[in-house]
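Visitor:
Residue numbers (this note's numbering), protein chains in the order written: chain A, 229 to 674; chain B, 4 to 282.
1) For residue 125 of chain B, I'd like the list of residues in its chain whose CB is within less than 6 Å of its CB, leaving aside the five on either flank, ordered along the chain.
2) Alpha carbon to alpha carbon, how far is residue 527 of chain A from residue 374 of chain A?
3) Looking at the unbroken beta strand (DSSP E) that takes in residue 123 of chain B, where does it start and where does it end?
4) Mark residue 596 of chain A as exposed unless 16 or more other C-beta atoms lie within 10 angstroms of its C-beta, in which case mark it buried.
5) Just mark residue 575 of chain A as buried or exposed, buried being the case when its beta carbon has 16 or more other beta carbons within 10 Å.
6) Kindly indicate which three-state DSSP category residue 153 of chain B falls into: helix, strand or coil?
7) Measuring straight from C-alpha to C-alpha, what distance separates residue 261 of chain B and residue 499 of chain A?
8) Please confirm whether residue 601 of chain A has its beta-carbon closer than 8 Å to some beta-carbon of chain B.
9) Three or more C-beta pairs under 8 Å: does that hold for the region 313-330 of chain A against the region 481-496 of chain A?
10) Please return the same chain residues whose Cβ sits closer than 8 Å to the Cβ of residue 662 of chain A, not counting the five positions on each side in sequence.
11) Under a CB-based cut-off of 8 Å, is residue 463 of chain A close to chain B?
12) Taking Cβ-Cβ distances below 7 Å as the criterion, which residues of the region 266-278 of chain A are in contact with chain B?
13) How is the beta strand (DSSP E) around residue 465 of chain A delimited, first residue to last?
14) Report the CB separation of residue 234 of chain A from residue 264 of chain A in whole angstroms; it is logged as a contact under 8 Å.
15) From the DSSP output, in three-state form, read off residue 662 of chain A for me.
16) Please list the terminal residues of the continuous alpha helix (DSSP H) segment that includes residue 308 of chain A.
17) Please list the residues of the region 472-502 of chain A that have a C-beta atom closer than 8 Å to any C-beta atom in chain B, keeping them in chain order.
18) With burial defined as no fewer than 16 other Cβ atoms inside 10 Å of the residue's Cβ, what is the status of residue 50 of chain B: buried or exposed?
19) Taking its Cβ as the centre, do 16 or more other Cβ atoms sit within 10 Å of residue 198 of chain B, making it buried, or is it exposed?
20) Tell me whether residue 195 of chain B sits in a helix, a strand or coil according to DSSP, three-state version.
21) With a threshold of 8 Å between beta-carbons, can residue 281 of chain B be considered close to chain A, or not?
22) Pair every Cβ in the region 408-425 of chain A with every Cβ in the region 524-543 of chain A, then say whether three or more of these pairs are closer than 8 Å.
23) Nearest to residue 25 of chain B by alpha carbon, out of A:633, A:615 and A:341?
24) Could you check where the alpha helix (DSSP H) with residue 405 of chain A kicks off and where it finishes?
25) Which value, in whole angstroms, describes the spacing of the CA atoms of residue 534 of chain A and residue 366 of chain A?
26) Taking the alpha carbon of residue 456 of chain A as the reference point, which residue from A:634, A:370, A:337 and A:351 has its own alpha carbon closest?
27) Taking the beta carbon of residue 129 of chain B as the centre, do at least 16 other beta carbons fall within 10 Å, making it buried, or is it exposed?
28) What beta strand (DSSP E) runs, 3 residues minimum, are completely inside the region 79-141 of chain B?
29) What does the alpha-carbon distance come out to for the pair residue 357 of chain A and residue 548 of chain A?
30) Which residue or residues does DSSP assign as beta-bridge partners of residue 270 of chain A?
31) Tell me residue 544 of chain A's beta-bridge partners as DSSP assigns them.
32) Assuming the contact rule is C-beta atoms closer than 8 Å, residue 464 of chain A and residue 269 of chain A should be a hit. Round their C-beta distance to whole Å, please.
33) Within the same chain, show all residues whose beta-carbon is closer than 8 Å to that of residue 681 of chain A, passing over the 5 residues directly before and after it, in chain order.
34) Which residue comes first and which comes last in the alpha helix (DSSP H) that contains residue 339 of chain A?
35) In the region 60-87 of chain B, which residues sit with their C-beta less than 7 Å from some C-beta in chain A, listed in chain order?
36) Is residue 324 of chain A buried or exposed, if buried means 16 or more other CB atoms sit within 10 Å of its CB?
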């Protein structure tokens with residue numbers, strides 16, 4: 229998309245003119261992430277996380293492709309080949325730690341990106357498609373991460389694969405055949421490892437493809453912004469380059485520092501020690517947990533401890549395990565209908581006093597779920613996760629529609645520029661105003 | 004319609020969860036789960052201040068050599084170290100000739116070049132430490148059905164690895180009388196050994212380090228007390244599990260130095276570019 233005032237690409241060098249006539253790729257890039265993409269001027273740091281997620285995917289692709297040159301996807305030697313990478317491959321330890329921690333960082337960044345969207349109403353019209361594609365990317369990421377965690381063929385790899393594919397067994401009649409089909413056998417084995425490796429290599433490229441669609445869909449209406457007020461004129465926007473490339477450059481630097489701290493000074497902090505024990509089908513670990521980024525969903529899965537029965541007859545309609553599986557999938561899939569559930573016309577949580585309180589509660593709730601998901605399946609964690617999971621579903625499916633109909637939002641600023649100027653005046657930076665006069669276009673907001 | 008159906012789904016899941024919670028809470032209050040003997044008597048590892056702790060930590064080569072000595076003279080009777088190659092012992096400060104001698108003293112499996120029969124030959128620096136038992140069945144048969152784990156990654160395969168090894172090796176105590184008073188069924192079974200640092204309290208491995216001077220250290224080294232030997236072998240096993248620790252930390256310092264400068268520059272150019280734009 230392009231606002232009418234966006235800069236047009238004009239190649240100067242004859243070679244670039246020649247390229248532009250044959251294949252307007254530089255023009256495409258210019259319009260996507262260059263001077264030709266006009267972006268609201270008031271984005272805060274939460275808007276860095278889309279670019280950071282792209283960075284994280286790039287790191288995963290590069291490290292992953294090199295790791296695949298040294299890794300052997302065979303149940304007999306996979307574990308040892310990872311140790312070969314750690315000990316004998318030049319800088320192999322760095323590649324593997326970067327890849328393992330890169331996955332964690334990818335999820336941290338994407339979770340912040342998702343919660344940014346939840347708070348600022350980025351999922352609302354006209355950006356529903358951006359949001360839907362984002363949920364698809366998230367699902368693909370979860371599948372990719374799960375299969376990647378199986379590849380080292382340690383104890384948690386093996387038993388994680390056993391537990392997660394075992395979830396499908398909860399489906400009546402066809403459950404067990406589905407599990408066998410997924411694993412290529414009755415238990416995780418060489419066939420499972422090979423297909424997981426193949427798919428783990430494939431899916432990131434599918435993710436990259438869906439990311440292109442995600443950005444394409446974003447560029448139709450243009451980026452959202454913290455006020456949730458749409459762009460009204462040229463004074464509201466700045467070109468992506470150099471303004472946001474510079475800001476993202478700083479964001480990438482901070483991201484890289486956090487990443488380096490993890491990789492070089494705490495590479496095993498986020499991993500589970502049991503995965504340094506080779507897979508052993510004869511010995512079940514004391515407590516099987518997925519990677520931390522799945523903990524909230526794992527807590528929801530385990531929170532269902534009661535079968536759905538017809539009272540006083542003892543006839544089980546839905547067993548607890550199936551309920552847990554359905555709820556776990558529902559907890560993510562409900563995001564797909566979110567744009568049509570939250571009907572409040574105000575996008576940004578900043579102007580929604582009631583929504584803001586419940587949103588804060590949701591953030592706490594997800595952390596509680598995460599904590600319980602990583603804890604052993606004992607009391608009091610199960611009871612806490614039951615309350616937390618109940619709130620999770622209630623928040624999205626019951627509370628949000630109610631808030632939308634009863635809330636009285638605060639008055640919205642007339643435009644992005646008005647909000648920006650009000651903020652800087654509020655900060656007592658009024659004296660800076662004359663200096664920026666050139667930037668204010670004579671359009672009617674003043 | 005979407006909101007109506009969504010609301011029903013929300014009510015259903017939240018309702019089931021609240022029912023499950025009430026059910027669980029009633030059960031919890033009416034019959035609180037009994038404390039297990041493990042949760043009552045299991046202890047967290049004691050903290051040791053290792054030379055390799057902290058962002059600038061590095062291995063103490065003399066300690067690693069002592070630890071290797073303890074491993075060779077005590078642990079290696081039962082525990083393999085199969086991920087470690089003899090050549091990597093150069094990290095411990097051994098010379099090429101010393102490494103050749105260490106390797107040569109161990110027999111590694113190979114095919115006899117003349118007959119093609121399976122046989123063994125003296126090790127070479129390129130070989131890995133050979134297995135102690137030819138397979139898991141043999142390991143079980145020789146150890147009362149409790150195969151001794153390979154130690155190559157032991158220091159990373161438990162929470163708080165090196166501390167946990169040190170505590171386990173020095174943590175054998177007589178069965179506390181208090182324990183049997185509280186949990187009359189929790190008697191240490193025949194052939195196992197009580198150790199509060201082991202997850203289920205009873206360990207198949209007999210105390211391996213029992214007496215001061217069990218291993219004779221060279222001139223100028225600390226006295227080989229049980230605690231000292233346990234620390235040394237724990238440090239050695241940390242090296243075995245994470246041989247690239249020093250390279251990792253020193254690379255990390257350089258990377259951070261570069262990144263901090265780059266990030267400051269990026270911040271300054273960000274501020275510079277935006278200096279005329281209110282945002």
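Cβ atoms here follow ideal geometry from the backbone N, Cα and C, with glycine treated the same way.
Guide: Reading from the atomic positions:
1) Its chain contains 107 as the residues whose beta carbon lies nearer than 6 Å to that of residue 125 of chain B, once the 5 sequence neighbours on both sides are disregarded; these appear in chain order.
2) About 16 Å.
3) First-last of the beta strand (DSSP E) with residue 123 of chain B: 121-125.
4) buried
5) Under this definition residue 575 of chain A is a buried residue.
6) coil
7) 27 Å
8) no
9) yes
10) Because the pLDDT of residue 662 of chain A is 40, which lies under 50, any placement of that residue in the model is unreliable, and the number read from its coordinates should be weighed accordingly. Cβ within range, chain order: n/a, list empty.
11) no
12) 269 and 270
13) DSSP places residue 465 of chain A in the uninterrupted beta strand (DSSP E) bounded by 465-467.
14) Sure, about 5 Å apart at Cβ, within 8 Å.
15) Reliability fails at residue 662 of chain A, whose pLDDT of 40 lies under 50, so the model's placement of it is uncertain and no value is given.
16) 306-315 is the extent of the alpha helix (DSSP H) around residue 308 of chain A.
17) Answer in chain order: 474, 475, 477, 478, 480, 481, 482, 484, 485, 488, 489, 491, 492, 493, 495, 496, 501 and 502.
18) By the 10 Å Cβ count, residue 50 of chain B comes out exposed.
19) buried
20) coil
21) yes
22) no
23) A:615
24) Where residue 405 of chain A is concerned, the enclosing alpha helix (DSSP H) stretches over 403-411.
25) 29 Å
26) A:351
27) Around the CB of residue 129 of chain B, fewer than 16 other CB atoms lie within 10 Å, so the residue is classed as exposed.
28) Runs of the beta strand (DSSP E) spanning 3 or more residues and lying entirely within the region 79-141 of chain B occur at 110-114 and 121-125, in chain order.
29) 34 Å
30) Per DSSP, none; premise fails for residue 270 of chain A.
31) A:537
32) 6 Å
33) There is no way to answer for residue 681 of chain A, as the model of chain A reaches only from 229 to 674.
34) 320-347
35) 86
36) buried
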